[in-house]
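Chains as they are written, first to last, in this note's numbering: chain D, 371 to 687; chain H, 67 to 373.
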Amino acid sequence: MGSLLRADWLRIRRCWDVWIIVLGIPVLTLLAYVAGASSSGNASVQFSGDVPADVKTQAVAQEAAMRAFQALPYQFPRSIATMAQGAAMWLVVGAAFLAASMLGSEFSWGTIRNVALFRPDRLRYLAARLVWLAGLVLAIFVAVVALGAIAPVLVRVDPGNPAALTPDIVNSGMVPPGPTGDVSLGGALLVAGSLFCVALAGMALAGLAALKFRSAASGLLVAGIYSIVEGIGASLLMSRATGDLRYVPQMGLTVRLAALLGDAQTAAGLTTSEGGQSGTPGWVPLPPLVGAAILAVWLAGLFGLWFVVLRRADIDE
Amino acid sequence: MDAAIEAHGLVRHFGLVPAVDGISFQVPRGSVYGFLGPNGSGKTTTIRLLLGLLRPDRGSVSLLGGSPHDASCLAKVGAVVERPAFYPYLSAHENLRLFATLAGMPFAAGSAAADRALGIVGLTVVARRHVDGFSTGMKQRLAVALALLRDPTLVILDEPTNGLDPGGVVEVRGLIGDLAASGRTVFLSTHVLTEVEQLCDRVAVLQRGRLVAEGLTSELLERGQRLAIAFDTSEEADRAARVLADAGLQAEAAAAGDHDNTLLVTPGQLGSSAISRLLAGNDLYPAELVLRRASLESVFLELTEGV
C-alpha cells in the first residue's frame, strides 16, 4: 500500500488541476467571506423631511438591530459555519471533480493499462486512490474550517449592540427571520461536518460514474444528472405519495443530504425547526439516527461499487 | 516444450462478435515469436487476454508458468500494448519512476532503472521533458522503455515500430535482436513482415479471430515456395500440366512477365528432383527448372485472403 501511495504522490504533486482545487477553494471562500464581512455594517436608515421623534427612535433601534444581525455570521465561532456554508458549493463540486478527474483520466489517457500491468491487484490501487482523494477533500475542509476560525481575527466586524436584537424587533419583522442567539463551537463544527459529508457523497457519486463511464467529463455529467433527476423525482413523489409510500422518497441520496444539512443547521441554532426541509410538502421527518444510517449505507454502497466496477473491468484502453 | 506463453482455447466475444475464437498456441522460452494478422483479426485482443487486461469467455493463459493476474508473474513481463499511454504532465523519467514505484521498487533503484531504460531507447537527452511535448515516435520509444523497466524475461510487443522513423525502426529491430540474443522471450505482433522474417523463429497467423497457421518461420516460408518449370513449346507445357495433375500436384500458368510456357508448381511432398524425374519419365525435358522462394508477405496474403 505504501508504494501505491508514494506512486500516487509522484503523480499528484505535478498535477496542477488538483492543486488549483485544493488551494483555490479556501482562497475563493475567504474572498467571499471578506467581501461579505466588509459590507455587513452597511445598514442605515435615512430621514428626509419632517419625521416625528418616535419614528426616529424606532428607526434608530431598527438600524442598530440590523447592524447587530448582519455582524452575527462573522463572530467566532459562528464564522466557522459561515465560512463552511460559503465553501459548500465549491467543496462539493471540487470533491466531485477531483474524484472524476483522478479516476476518469486514467482511462482517457490509457494509463490504467500500465497501472494494471504493474499492479494487477486493482483493489489495492483503488484503495490508495481513495485514501488520496479523501485526504485531499479533508485537507480542503480543514483549511476552510481553520480559515473560519481565524477569519474574525483577520477581518474584524464590529458586533454592534447584540442587545438591540430585542424580541420585539425580531418578531416585528424588522430583521430577516431566524434565530439570533449564540452558536456554540460544537454547533458550528456540526454544520461544517455536514457539508463534508455532502462533499464525500459528491466524490463517491462522481467517482463511480467516472469509473463506470471511463471518463472524467462523463463522470461529472452523469453524477450531476443523477442528482437532478433524483431530486425532482423525490419532490414529485413527496408531494403525491400517501401512507407508507411517503417514506420512499426519504431514502434518496439527495433528500438525505438535504435533510442532514437542515438538521445540522437546526441543531446548531442557525435555523429554526420550522424552516429548512420541514417546509417541503410531503416531508416526513426521520429520526436523526435513522437518517444518518441511510446516508451511511448510501456512502458505503457508492464507495463499495467503485471496487466492484474496477475489479472485473476489462482494460481495453 | 518449455513455454513462456501457453494459450489454450482462448475465446473472447465483444457482443455477439467473436474477436478471438478458440486460439491455442505455445511460445517457447528464449524464442522470438511473430504474431501476424490483418487489422481487426484479433491480435491486440489476444495480447490483452495474455496480459490479463481482458478476461476470456473461455480458455486459459499461462505466462512464464503463472497467471497473468499474479503480480510476481507480471513482474517478469514487459509489454507494449497498442498506443503508448503516459501522464502528459510528467517527464519521461518521472513517468518511468512512477511505474517503478508502483511496482514496489525503492526510490534509488527505480530511478536507476528509469535511467537505464531511457538509455536503451535513446531518450536520455529528453528524459526531463514533459511527455505531452513528445512526438508519436518518442512516445513509442518511451513505451518500449517502460516495457524494459523491470528487466523482463518475457517481452510482449504490439506494433512496437508504429510511428517510428526509418532510423527508429532499425533501432527497435536491433533492440529486439539484442533482447533475443540475451535469452529473453519476445512475442512480437507487427504488420512489418520483413521484420518478422528477419527476427522471428516461429510465427502464428491470425485471421478473423482464428489461427490459420502456426509453426517455424522456415516451415511457413517453405509452404509458399513454388517450382517454376519452363518449356520450349506450349504443347510441352500443356502435356506437363496434365502429367503433374495426374501425380496430384497443382500446376498453374505463370503470371505475365515469366516465360510464356512456364508452369508454377507447388512441390508439396515431392521434391524438385522427384518432379524432374517424373517429367523425364514422360519424355518431358524442361528448358529451365527453378525453385522460387516465397516471401513472408506472399505467404501471409495467401493465408489471409479469402479465409
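By construction, the Cβ of each residue, glycine as well, lies at the ideal position given by its N, Cα and C atoms.
Unbroken beta strand (DSSP E) runs of no fewer than 3 residues, entirely contained in the segment 153 to 200 of chain H, are not found. Among the residues of the segment 474 to 486 of chain D, those with a Cβ less than 7 Å away from any Cβ of chain H are W479, G480, T481, R483, N484, V485 and A486, in the order of the chain. Using a Cβ-Cβ cut-off of 8 Å, H/A180 does not count as an interface residue toward chain D, since no Cβ of chain D sits closer than that to its own. Ranked by Cα distance from H/D298, the options H/G290, H/E354, H/L282 and H/T219 are led by H/E354. At least one C-beta of chain D is nearer than 8 Å to the C-beta of H/F152.
For H/F165, a Cβ of chain D is located within less than 8 Å of the residue's own Cβ.
As summarised for the segment 541 to 608 of chain D, the continuous alpha helix (DSSP H) elements at least 4 residues long and confined to that stretch are 555 to 583, given in chain order.
Contact between D/G530 and D/A441 holds, since their C-beta atoms are separated by about 5 Å, short of 8 Å.
The beta carbon of D/V625 sits closer than 7 Å to the beta carbons of A604 and P619 from its chain, once the five residues preceding and following it are set aside; these are given in chain order.
Within the segment 481 to 515 of chain D, contact with chain H at the beta-carbon level (separation under 9 Å) is assigned to T481, I482, R483, N484, V485, A486, L487, F488, R489, P490, D491 and Y495. The beta carbon of D/V568 is closer than 8 Å to those of A458, L461, V462, L627, L630 and L631 in its chain, skipping five residues each way along the sequence.
The way I'd put it, the segment 204 to 214 of chain H does touch the segment 222 to 233 of chain H; three or more beta-carbon pairs between them come closer than 8 Å. By the Cβ-count criterion, H/A303 is buried, with 16 or more other Cβ atoms from all chains shown falling within 10 Å of its own Cβ.
Under a criterion of Cβ atoms nearer than 8 Å, the residues of chain H adjacent to D/I685 are, in order, R114, L119 and L120. At a cut-off of 8 Å between beta-carbon atoms, H/R250 makes no contact with chain D. Look at D/A377: its C-beta is under 8 Å from a C-beta on chain H. Secondary structure remark: continuous alpha helix (DSSP H) runs of at least 4 residues inside the segment 196 to 232 of chain H, in chain order: 202 to 214. Contact with chain H is absent for D/S471, since none of that chain's Cβ atoms lies less than 8 Å from the residue's Cβ. Nearest neighbour of D/G505 by Cα position, chosen from D/Q455, D/W389 and D/V527, turns out to be D/W389. A residue is called buried when at least 16 other Cβ atoms come within 10 angstroms of its Cβ; H/E285 does not meet this threshold and is exposed. The criterion of a C-beta distance shorter than 8 Å is not satisfied by H/G118 and H/H74. Burial of D/S471 is indicated by the presence of at least 16 other C-beta atoms within 10 angstroms of its C-beta.
In summary, no residue of the segment 221 to 235 of chain H has a CB separated from any CB of chain D by less than 9 Å. Around the beta carbon of D/W386, a 10 Å sphere encloses fewer than 16 other beta carbons of the protein chains shown; the residue is thus reported as exposed. The secondary-structure analysis by DSSP pairs H/Q273 across a beta bridge with H/R276. Where D/P447 is concerned, there is no enclosing alpha helix (DSSP H), because DSSP gives it neither an H nor an E. H/I89 is bridged by DSSP to H/L76.
Contact between the segment 169 to 176 of chain H and the segment 238 to 257 of chain H is absent: fewer than 3 CB-CB pairs across the two stretches fall below 8 Å. In this structure, DSSP gives D/R499 a helical state, which the three-state scheme calls helix. Within the segment 92 to 159 of chain H, the complete beta strand (DSSP E) segments at least 3 residues long are 98 to 102, 124 to 129 and 143 to 146, listed from N- to C-terminus. Separation of the CB atoms of D/L590 and D/A576 is rounded to 6 Å, and the pair is thereby assigned contact status at 8 Å. For H/Y155, a Cβ of chain D is located within less than 8 Å of the residue's own Cβ.
Per DSSP, D/E433 lies in no beta strand (DSSP E) segment; the continuous alpha helix (DSSP H) that holds it begins and ends at A423 to A441.
Taking 8 Å as the threshold, the shortest C-beta distance from D/R437 to chain H does not fall below it. In the DSSP assignment, D/A663 falls within the alpha helix (DSSP H) that extends over P658 to R681. At a cut-off of 8 Å between C-beta atoms, D/R384 counts as an interface residue with respect to chain H.
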